[in-house]
Amino acid sequence: MSWEEPGSPQLSLSGFSSLASISSTAAPPARLPSLSLSIGTGGEDQRLGVSSDDGHKSVRAMKNRESALRSRARKRAYTQELEKEVRRLVEDNLKLKRQCKQARLLLFFLQCHLSFLLACLCMGN
426 MSWEEPGSPQ LSLSGFSSLA SISSTAAPPA RLPSLSLSIG TGGEDQRLGV SSDDGHKSVR
486 AMKNRESALR SRARKRAYTQ ELEKEVRRLV EDNLKLKRQC KQARLLLFFL QCHLSFLLAC
546 LCMGN
C-alpha cells in the first residue's frame with residue numbers, strides 16, 4: 426500500500442532489500458551493504474516532461490522579462506525627463522532672446538540719445 430502526493434518528497438532505500446535477505450544461519454558478510462537515502466521530487470519533472478534545465482530556463486526567461494520591463498520603464502522615465510528638460514531649455518532660450526532684443530533696442534535708444542546730446546553740446550559752443 427503506497428500513498429503519494431504529487432510533488433511530495435520520496436524516500437529511496439536502495440540496498441535495504443539485501444539486508445532483509447541475510448539469514449541468521451548465514452555467516453556474517455564481510456561488509457554490510459550501504460544504505461543510501463535520497464530525498465527528491467519523485468521524478469515529477471520527468472513525469473511532466475520538464476527537465477530541470479527547462480525549469481531553470483523558464484525562471485531565467487521570466488526574470489529577463491521582468492528586467493526588460495523595468496529597463497523599459499527606466500528608459501521611459503529618463504526620456505520623459507529629457508523631454509521636460511528640452512521644454513525648459515526652449516522656454517529659457519526664448520526668454521533670453523526676448524531680453525537680448527530688448528537690450529539691443531535700449532542700446533539703440535541710448536546711442537540715439539547720446540548722439541542728440543552731443544549734437545546739442547556742440548551747437549552750444
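Just so we're aligned, residue 426 is where the sequence shown starts under this note's numbering, counting upward by one.
Every residue gets a Cβ at the ideal spot worked out from N, C-alpha and C, and that includes glycine.
Nothing here was measured: the structure is a model prediction, and the numbers come from that model.
C-alpha distance - residue i paired with residue j, whole-angstrom precision
{"i": "SER540", "j": "VAL515", "result": "37 Å"}
{"i": "LYS522", "j": "LYS482", "result": "58 Å"}
{"i": "LEU494", "j": "ARG501", "result": "10 Å"}
{"i": "ALA528", "j": "CYS545", "result": "25 Å"}
{"i": "THR504", "j": "ALA498", "result": "10 Å"}
{"i": "LYS509", "j": "MET487", "result": "33 Å"}
{"i": "LEU519", "j": "PHE534", "result": "23 Å"}
{"i": "GLY549", "j": "LEU531", "result": "27 Å"}
{"i": "CYS547", "j": "GLN524", "result": "34 Å"}
{"i": "GLN536", "j": "LYS526", "result": "15 Å"}
{"i": "GLY480", "j": "LEU507", "result": "40 Å"}
{"i": "ARG513", "j": "SER496", "result": "26 Å"}
{"i": "ASN517", "j": "VAL484", "result": "Residue identity differs from the one stated: residue 517 is Asp in this sequence, not Asn. When rounded, the distance between both Cα atoms is 49 Å."}
Cutoff 8 Å; reference residue i; Cβ partners in own chain excluding five residues on either side
{"i": "ALA451", "result": "Reliability fails at ALA451, whose pLDDT of 49 lies under 50, so the model's placement of it is uncertain and no value is given."}
{"i": "VAL511", "result": "none"}
Any chain C beta carbon closer than 9 Å to residue i
{"i": "HIS481", "result": "The chain labelled as chain C is not found in the depicted structure, where only one protein chain is given."}
Close Cβ partners of residue i (< 6 Å) along its chain, the five nearest in sequence each way excluded
{"i": "SER492", "result": "none"}
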